[in-house]
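Heads up: the sequence shown runs through residues 212 to 537, numbered per the numbering used here.
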Amino acid sequence: MHTPNFEATIGVCYGRVGTNLPPPSEAINVIKSNDISRIRLFNPHPEVLQPFSGTGIDLLIGVPNEILPTLANSPVKTSIKWLQSNIFAYVSPNQVKYLVVGNEIFLKDPFYSPYIVPSISKLYQALQTLGLATTIKVSFSHASTILSNSYPPSFGTFESNVKQFLVPLLQFLRDTRSPLMVNVYPFFAYINNPKYVSLDHALLNRSSYMEYDKNLAYDNMFDASIDAFVYAMEKEGFNDIPVMVTETGWPTSGTDGASIDNAFTYNENIVRRALNNVGTPKWPGVGLDIFLFDMFDENGKSGEEFERHFGIFGDNGIKAYDIRFN
212 MHTPNFEATI GVCYGRVGTN LPPPSEAINV IKSNDISRIR LFNPHPEVLQ
262 PFSGTGIDLL IGVPNEILPT LANSPVKTSI KWLQSNIFAY VSPNQVKYLV
312 VGNEIFLKDP FYSPYIVPSI SKLYQALQTL GLATTIKVSF SHASTILSNS
362 YPPSFGTFES NVKQFLVPLL QFLRDTRSPL MVNVYPFFAY INNPKYVSLD
412 HALLNRSSYM EYDKNLAYDN MFDASIDAFV YAMEKEGFND IPVMVTETGW
462 PTSGTDGASI DNAFTYNENI VRRALNNVGT PKWPGVGLDI FLFDMFDENG
512 KSGEEFERHF GIFGDNGIKA YDIRFN
């Protein structure tokens with residue numbers, strides 16, 4: 212077993228599905244004044260990318276699902292042109308740390324599944340041609356639903372219908388020393404199974420309550436969720452790929468358990484654990500890069516009411532609760 216050596220950093224997702232959002236220039240002022248050093252952008256919109264140029268803020272930038280077939284089925288020069296026209300024309304490559312190819316495709320847009328690995332490969336070759344493959348990593352963001360089994364963590368197993376796409380992706384990640392990107396929400400485990408998942412367990416509030424799995428002790432749902440992915444990768448023969456959490460968070464309102472106090476408790480606990488490189492029971496002391504969701508409430512989000520209330524900051528830039536990012 213080879214445990215990856217990975218130092219933790221904290222970033223924040225900057226979603227923009229709403230009419231209530233401050234302009235990017237004001238959002239950047241909020242980001243800088245709160246010492247947030249990394250931001251995830253879900254799409255490379257020029258009006259958002261341009262203001263980030265020269266700020267020193269590291270970026271994780273999404274590659275939209277709809278462009279994947281074109282990139283996958285075209286020569287590498289198409290990917291080079293796409294990168295230069297849609298990203299590097301607006302922000303320096305020095306600020307771009309990760310490209311996230313698609314988002315939760317297996318869950319939301321399975322039509323694009325066959326294009327994931329070919330498009331990632333083309334983008335990687337494009338970065339190689341541009342001399343950027345060692346500084347910009349390419350990966351793909353997964354929902355927890357790609358696991359057919361996730362509890363206890365050692366039962367972690369990938370859904371059989373995604374393995375044909377996922378195993379080649381894992382090989383690519385190993386070859387390029389890139390992380391598996393996962394979106395992890397103990398909040399959903401809690402609201403879907405409140406009889407079996409305690410609030411403290413979901414909020415990472417340490418208590419005397421422990422669950423044991425293969426002699427490893429779990430006192431929170433977040434650690435168990437991460438280790439389920441680790442075990443699932445091991446079952447496919449990959450035990451050396453780091454994990455990055457590209458989304459996690461807790462809503463401030465909209466349903467039972469969603470409150471300002473709980474959102475503060477969860478996100479503060481996540482930040483402290485990450486910055487202290489606590490790791491998980493399976494990978495103790497291994498730091499996790501984590502992106503908190505979300506900068507602002509997004510009133511254009513579909514789904515349940517709570518989906519629109521993950522914002523850490525109000526649209527006036529004031530914190531909804533007194534979280535620290537360092």
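Ideal Cβ positions, reconstructed from N, Cα and C, are used throughout, including at glycine.
9 Å Cβ cutoff met for residue i and residue j
i       : j       : result
Leu-232 : Arg-249 : no
Ala-413 : Pro-364 : no
Asn-478 : Ile-402 : no
Ala-439 : Asn-394 : no
Asn-480 : Asn-431 : yes
Phe-449 : Leu-384 : yes
Ser-290 : Leu-334 : yes
Phe-253 : Gly-226 : yes
Ile-327 : Leu-338 : no
Ile-278 : Ser-330 : yes
Pro-397 : Thr-459 : yes
Thr-457 : Ser-352 : yes
Phe-317 : Val-259 : no
Gly-522 : Asp-508 : yes
Neighbourhood of residue i by C-beta distance below 7 Å, restricted to the same chain and skipping five residues each side
i       : result
Gln-261 : Tyr-301
Asn-245 : Phe-536
Arg-417 : Asp-430
Three-state class that DSSP yields for residue i in the structure shown
i       : result
Ala-439 : helix
Phe-253 : coil
Gly-247 : The amino acid at residue 247 is misidentified as Gly; the sequence shows Ile. Ile-247 falls in the coil class under three-state DSSP.
Pro-492 : coil
Ala-428 : strand
Met-212 : Because the pLDDT at Met-212 is just 46, under 50, the model does not fix this residue reliably, and the value given afterwards should be weighed accordingly. Coil, per DSSP.
Leu-615 : Since the first residue shown for the chain is 212 and the last is 537, residue 615 is missing from the structure and cannot be characterised.
Val-228 : coil
Tyr-420 : coil
Thr-289 : helix
Ala-413 : helix
Glu-315 : coil
Arg-483 : helix
Cutoff 6 Å; reference residue i; Cβ partners in own chain excluding five residues on either side
i       : result
Val-274 : Leu-310 and Val-312
Gln-336 : Val-287
Leu-415 : Asn-431, Phe-433 and Asn-480
Glu-518 : Lys-512
Phe-504 : Cys-224, Glu-458, Gly-460 and Phe-521
Residue i CB to nearest heavy atom of the ligand GDP below 8 Å
i       : result
Thr-340 : Of ligands this structure carries none, so the ligand GDP is not represented either.
Residue i to residue j span [Cα, whole Å]
i       : j       : result
Pro-234 : Val-223 : 17 Å
Ala-485 : Leu-499 : 6 Å
Ser-464 : Gly-511 : 16 Å
Gln-375 : Asn-240 : 44 Å
Thr-356 : Ser-470 : 25 Å
Arg-483 : Asn-284 : 43 Å
Tyr-362 : Leu-427 : 13 Å
Lys-530 : Ile-501 : 19 Å
Phe-524 : Asn-297 : 28 Å
Ser-350 : Gly-468 : 32 Å
Met-392 : Ser-371 : 19 Å
Tyr-423 : Ile-221 : 28 Å
Tyr-532 : Pro-453 : 31 Å
Asn-314 : Arg-251 : 12 Å
Ile-272 : Ser-359 : 28 Å
Leu-381 : Met-444 : 8 Å
His-256 : Lys-425 : 46 Å
Phe-475 : Trp-494 : 26 Å
Asp-451 : Asn-527 : 43 Å
Met-421 : Asp-411 : 11 Å
Ser-332 : Lys-406 : 44 Å
Glu-516 : Ala-400 : 17 Å
Opposing strand residues paired with residue i [DSSP bridges]
i       : result
Asn-394 : Ala-354 and Glu-458
Lys-310 : Residue identity differs from the one stated: residue 310 is Leu in this sequence, not Lys. Answer is Ile-272 and Val-349, bridged to Leu-310.
Lys-446 : In DSSP, Lys-446 forms no bridge with anything.
Asp-500 : Met-455
Phe-507 : Phe-524
Val-223 : Ile-250 and Leu-503
Asn-360 : Thr-368
Lys-530 : Phe-524
Cβ-based neighbour list, residue i, same chain, cut-off 8 Å, excluding 5 preceding and 5 following
i       : result
Lys-243 : Thr-266 and Ile-268
Lys-446 : Gly-367, Thr-368 and Phe-369
Lys-308 : Arg-249, Asp-269, Leu-270, Leu-271, Thr-346, Ile-347 and Lys-348
Proximity test, Cβ basis, 9 Å: residue i and chain D
i       : result
Leu-318 : Within the model displayed, chain D is absent; a lone protein chain is all it includes.
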